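Protein chains in written order, with our numbering: chain A, 3 to 267; chain B, 3 to 192.
We put the CB at the ideal spot given by N, CA and C, even for glycine.
Please read these numbers as outputs of a predicted model, since none were measured by experiment.
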């Protein structure tokens, strides 16, 4: 009994020693030199591997930071705290992370949008309405009011108001972007939270058509584009704010006849 | 002829994944892209072949002479764990993208039951050294075949119109089940 125990221990110990030696040798030969900062930064990150930074995961993001390809504040989940810690480690200044908020770029609720002659009977969901007949509004670009974004929001940060247009409760919203994906008409867009004005319309039709379907549509008159020195571009008959070039003082909010281009609140 | 039979038996008729249901974890986990699935198959095959060689040597040259057969589990796990460590280092050195694509499933080859299963089958069936090596190659080939077929189907599934309730894991498990049924058609051929 005693001898077999002894032999067993010796055998396993010997085997373990041989393998350990082999691995140590292999480690010498195959070691990949890595920037030790990568590991340290990786520890600071949330480790959710969510991909919100646009990289393949936290480790990849950390690698990109050390190579100077990503900014220290690139992790929206970690927020300011993480950004400052990483910036300290990298020895760079960090500007605070910009919170992104979804904006619903349609104001054509029950009161404004013109209804079709026919009525829509079917599942009350934007995706169904969009596929079948485009809902009961005449506008082919606007909000369907089917609450797909309300249902998609994991934080209950979207409510449907009485006018049939969803509203975002900014205090609860985390900026995850689920609502953007849920909207079949691409009305919801993510914007930095300090962006104050938008063109609240997606209707690209000519002035007469867009006027006929909704009281608050962008007619495509182009007055905002002419007055703002390139602050607004015309995409067909739809004004699109060029957020890189605009000068807010030059944008003629009062000249817009339908109020499609407007400040929030 | 005997060797050819062993190879095809391990690779197709008694496929480790689809007949014995060993190694399901990477089979489901890494089979969403054909290229990384094939690499996973290759890594597993490498570990299987070396495991077959080393564990045969350890069993017949060390454990049997010293009457230590009861240590086979521990010894085999030791072999497998060291080999996987080695493969991990090797892949990290050779291909960083592959290292990241395989992710957690690479170190998890250690606990892949297909490999421990292989080592234990060798002992159970009393294979000779050459037979063991062929058996390891066959088992690896079978694993690669299964995971590659699965990955090919899953790449097509990405484009298919799947009911919402079945999207993701459920349809993958359904496909795995049908694949296993299809491989049952081979049983009794050898």
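Counting only Cβ-Cβ distances below 7 angstroms, residue 211/A has no contacts in chain B at all, with the closest Cβ about 34 angstroms away.
Counted as a single uninterrupted DSSP element, the beta strand (DSSP E) harbouring residue 191/A occupies residues 190–194.
Contact between the segment 137–153 of chain A and the segment 212–230 of chain A is established, with three or more Cβ pairs separated by less than 8 angstroms. Nearest in C-alpha terms to residue 153/B, of all of 63/B, 62/B, 37/B, is 37/B.
The continuous stretches of alpha helix (DSSP H) do not include residue 236/A, which lies in the beta strand (DSSP E) extending over residues 234–237.
With respect to residue 95/B, residue 32/A sits close: the two C-beta atoms are nearer than 9 angstroms. The DSSP-derived three-state label of residue 104/A is strand. Only exposed fits residue 5/A, as fewer than 16 other CB atoms lie within 10 angstroms of its CB. For residue 9/A and residue 17/A, the gap between their C-alpha atoms comes out near 12 angstroms. If you look at residue 178/B, you'll find it isn't in any beta strand (DSSP E); it sits in the alpha helix (DSSP H) that goes 171–186. Distances from the alpha-carbon of residue 130/B to those of 81/B, 54/B, 30/B put 54/B closest. Note that the C-beta distance between residue 45/B and residue 93/B is below 9 angstroms. Scanning the segment 58–99 of chain A from its first residue to its last, the whole alpha helix (DSSP H) runs of 4-plus residues come out as 60–68, 81–92. Judged by pairs of C-beta atoms under 8 angstroms, the segment 247–255 of chain A does not touch the segment 168–183 of chain A, as fewer than three such pairs exist.
For residue 133/B, the enclosing alpha helix (DSSP H) has its first and last residue at 131–159.
Across the segment 68–102 of chain B, CB contacts with chain A closer than 7 angstroms involve 68, 69, 70, 73, 76, 77, 80, 84, 87, 88, 91, 92, 94, 95, 102, in sequence order along the chain. In the DSSP assignment, residue 36/B falls within the alpha helix (DSSP H) that extends over 36–59.
The Cβ neighbour count for residue 259/A, taken over all protein chains shown within 10 Å, is under 16; the residue is labelled exposed. When CB distances to chain A are screened at a threshold of 8 angstroms, not a single residue of the segment 155–166 of chain B falls below it.
For the segment 27–58 of chain B, no residue has a beta-carbon sitting nearer than 8 angstroms to a beta-carbon of chain A. Annotated as proximal: residue 197/A and residue 245/A, with beta-carbon spacing under 9 angstroms. Going by C-alpha positions, residue 160/A is about 15 angstroms away from residue 127/A.
Within chain A, the C-beta atoms nearer than 8 angstroms to that of residue 60/B come from 17, in chain order. Per DSSP, residue 117/A is not a residue of any alpha helix (DSSP H), being assigned neither H nor E. Annotation: residue 168/B to residue 154/A spans about 19 angstroms, alpha carbon to alpha carbon. Between residue 12/B and residue 147/B, the beta carbon gap of about 11 angstroms keeps them out of contact (Cβ cut-off 8 angstroms). When the beta-carbon positions are compared, residue 103/B and residue 32/B come within less than 9 angstroms of each other.
Residues of the segment 144–167 of chain A whose Cβ lies closer than 9 angstroms to any Cβ of chain B: none.
Cβ-Cβ separation between residue 170/A and residue 263/A: approximately 19 angstroms, too far for a contact (criterion under 8 angstroms). Here the alpha carbons of residue 23/B and residue 173/A stand approximately 50 angstroms from one another.
With 16 or more other CB atoms across the displayed protein chains lying within 10 angstroms of its CB, residue 65/A is buried. Taking the CA atoms as reference points, residue 163/A sits about 19 angstroms from residue 261/A. When 91/A, 88/A, 62/A, 19/A are compared, the shortest CA-CA separation from residue 77/B is found for 19/A.
Linking residue 124/B to residue 73/A through their CA atoms gives a straight-line distance of about 54 angstroms.
Rounded to whole angstroms, the Cβ separation of residue 82/B and residue 112/B is 6 angstroms, and the two are in contact under 8 angstroms. The three-state reading of DSSP puts residue 162/A in strand, counting E and B together.
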